[in-house]
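In my numbering, the protein residues as written are 94 to 636.
Everything on this sheet refers to the single structure shown next.
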Ligand SMILES: Cc1ncc(C[n+]2csc(CCOP(=O)(O)OP(=O)(O)O)c2C)c(N)n1
Ligand SMILES: [Mg+2]
């Protein structure tokens, strides 16, 4: 058995799991770990940021873009809390992010001496933020705990995990056997439930498929099943791009709600069906079938007729095998859906200023390029109208919808996928949450292109105050820097684009620039409200 420090065993184990980047902000509690990262040389890249939230968001973006586990390391107490919003997002988005968190001296934990960065019950706080967390208490535990953490991140409902380690434990040396990765257990497919679901879907007159983030690794299967059943596929945010938007059966809001009103059998894949069941409504004529990695999820709002637990792709494959023996004849829906899409687009044309900018981005971003959404006027519209052609090309922040997530998350996505262009959008409100990470983008030569919409306001808040609160405007106007000069002062290539045509040209230059970041400022005015297409009233009977 090799003698190693806890830190060395941790780094070696991360490498054995394919984790080759550490998003990081150093500090004395973790010095031994950084030394182990140094000694690991070229095998692991350490990407340091200017604030802990940047490191955690970057790990999140890397995880979302790759679907693979990613890690970050920060000091305890304030370092941990500074990553709070990103960790919350990772939990809500089921993203495999491993948080390595320092700790005060082992013997002092829980004794309230007021050590540097001490926080009461750090382990307890962490355990509320993630489903799996442990503290490494000896060198020989490190490798096993890394393997368990990473297994937990893809077992059942995927999500983040955390490992703490005390300041005096990272450097402790001892015998440390490296354990191989623990494969995540896969629940056996429940053949009876799949057969029951195949019969229900086969008999359906107007089946509908709804995809969420849990369907992202099942794009081929969803595409095949949609054709087999002539079933439209509804996706909103992370469900976009699983069925290519070019397929007339690929729909988003608001057409999805009309289809929800008409369907007799709905198949929800890796989605909470939250908007559908709580806003649009459910009645006894609707049969719901769920596929979900998390056994707790399907019955949370309403018990479905069938719940298929496990990874979507193999379950869908079984359904595709079984359905033909039970499949009803249905008229092809291609032409009907193309017409209905055109009608829906006429209604959405109200969002013309947003659509013109999104069309410019879509025209320059290749099909496999990644678009990172924000809580901004353009983002709300992107969720409704922007076409996506592949899964994992639309990173949208899930139910947290937390302002300020986008820029640093996009940096992580672009860092992990340097082979693809990544374009992020931000409002002037959201951007300044992490604009300091322009520095990290330059330092690490991350070729992200950011489109910054500047309206001098928390525009969404302002519109709500105008429309619903008698124009009593409060806390919504913003004093901005000159963003072009601001970015340039970091060494970022920056320009201003005043029209969709100028934006297109600027994007082309930015995407071609592969040795560093680009910022494109787009001055904008107030934009038409998207909310009538998002918060839509009930369309089926009571719950
Ligand atoms: C963490 C967090 N804080 C506050 C909000 C509330 N919020 C939603 S949109 C918004 C304003 C966004 O302003 P900006 O980024 O400039 O985009 P714009 O609406 O102007 O396009 C705010 C404050 C939020 N979603 N998340
Ligand atoms: Mg704004």
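C-beta atoms are modelled at their ideal positions from N, C-alpha and C, and glycine is treated no differently.
Which whole-angstrom value describes the C-beta separation of residue i and residue j, a residue pair presumed to lie in contact below a C-beta threshold of 8 Å?
i: residue 305; j: residue 381; result: Wrong, their Cβ atoms sit about 14 Å apart, outside the cutoff.
i: residue 195; j: residue 168; result: 5 Å
i: residue 673; j: residue 102; result: Residue numbering for the chain in the displayed model covers 94 to 636; residue 673 lies beyond these limits and cannot be assessed.
i: residue 141; j: residue 529; result: That belief does not hold up - the Cβ atoms of residue 141 and residue 529 are roughly 12 Å apart, past 8 Å.
i: residue 158; j: residue 251; result: Actually they do not touch by this definition, with Cβ atoms about 15 Å apart.
i: residue 259; j: residue 199; result: 4 Å
i: residue 116; j: residue 156; result: About 10 Å separates the two Cβ atoms, so there is no contact after all.
i: residue 540; j: residue 608; result: 7 Å
i: residue 620; j: residue 347; result: Contact doesn't hold; Cβ gap of about 18 Å is too wide.
i: residue 376; j: residue 634; result: 3 Å
i: residue 388; j: residue 182; result: In fact, because the Cβ distance is near 23 Å, the residues do not count as touching under 8 Å.
i: residue 290; j: residue 178; result: Not confirmed; about 38 Å, so no contact.
i: residue 172; j: residue 118; result: 7 Å
i: residue 451; j: residue 478; result: 6 Å
i: residue 632; j: residue 374; result: 6 Å
i: residue 38; j: residue 323; result: Residue 38 lies beyond the residue range present for the chain, which begins at 94 and ends at 636; the question has no answer from this structure.
i: residue 416; j: residue 321; result: 6 Å
i: residue 301; j: residue 318; result: With a Cβ gap of about 12 Å, residue 301 and residue 318 do not count as contacting.
Can you tell me whether DSSP reads residue i as helix, strand or coil?
i: residue 527; result: helix
i: residue 468; result: coil
i: residue 459; result: coil
i: residue 338; result: coil
i: residue 94; result: coil
i: residue 205; result: coil
i: residue 636; result: With a pLDDT of only 46 at residue 636, under the threshold of 50, the placement of this residue in the model should not be trusted; the figure read from the coordinates follows. In this structure, residue 636 counts as coil in the three-state DSSP scheme.
i: residue 262; result: coil
i: residue 620; result: coil
i: residue 414; result: helix
i: residue 369; result: helix
i: residue 247; result: coil
i: residue 563; result: coil
i: residue 539; result: coil
i: residue 285; result: helix
i: residue 399; result: strand
i: residue 381; result: strand
i: residue 310; result: coil
i: residue 428; result: helix
i: residue 570; result: strand
i: residue 390; result: coil
i: residue 494; result: coil
i: residue 576; result: helix
i: residue 603; result: helix
i: residue 481; result: coil
Name, in chain order, the residues that DSSP records as bridge partners for residue i.
i: residue 549; result: None, per the DSSP bridge assignment.
i: residue 225; result: 254
i: residue 125; result: DSSP, once it has assigned bridges, lists no residue as partnering residue 125.
i: residue 589; result: 614
i: residue 520; result: 546
i: residue 115; result: 139 and 164
i: residue 487; result: 464
i: residue 303; result: 327 and 361
i: residue 193; result: 166 and 256
i: residue 343; result: 326
i: residue 515; result: 463
i: residue 268; result: 96
Please report whether the beta-carbon of residue i lies at a distance below 8 Å from any beta-carbon of chain C.
i: residue 428; result: Here there is only one protein chain, and chain C is not present.
Check: Counting pairs of Cβ atoms below 8 Å between the stretch 593 to 602 and the stretch 562 to 579, do you hit three or more?
Finding: no
Item checked: Stretch pair the stretch 574 to 585 + the stretch 469 to 486: three plus CB contacts closer than 8 Å -> no
Note to self: Quick test of the definition: if touching needs 3 or more C-beta pairs under 8 Å, does the stretch 612 to 622 touch the stretch 320 to 336?
What the structure shows: Segments in contact, no.
Check: Quick check: the stretch 397 to 411 against the stretch 313 to 328, are there 3 or more CB pairs under 8 Å?
Finding: Yes: the two stretches touch, three or more of their Cβ pairs being nearer than 8 Å.
Item checked: Meets three-Cβ-pair contact criterion under 8 Å: the stretch 233 to 253 and the stretch 174 to 191 -> yes
Notebook entry, point to check: Quick check: the stretch 380 to 396 against the stretch 265 to 274, are there 3 or more CB pairs under 8 Å?
Noted result: no
Next item on the list: Determine, using beta-carbon pairs with one atom in the stretch 468 to 485 and one in the stretch 163 to 182, whether at least three such pairs fall under 8 Å.
Entry: no
Notebook entry, point to check: Is the number of C-beta pairs between the stretch 552 to 567 and the stretch 413 to 421 that are closer than 8 Å three or more?
Noted result: no
Margin query: Count Cβ pairs between the stretch 492 to 501 and the stretch 439 to 448 that sit closer than 8 Å; are there 3 or more?
Written below: no
Check: Can we say the stretch 499 to 507 touches the stretch 550 to 558, given the rule of at least three CB pairs closer than 8 Å?
Finding: no
Note to self: For the pair the stretch 99 to 113 and the stretch 221 to 234, tell me if three or more CB-CB distances fall below 8 Å.
What the structure shows: yes
Next item on the list: Could you tell me whether the stretch 276 to 292 touches the stretch 202 to 217, where touching means 3 or more Cβ pairs closer than 8 Å?
Entry: Inter-segment contact for the stretch 276 to 292 and the stretch 202 to 217 is absent: fewer than three beta-carbon pairs are separated by less than 8 Å.
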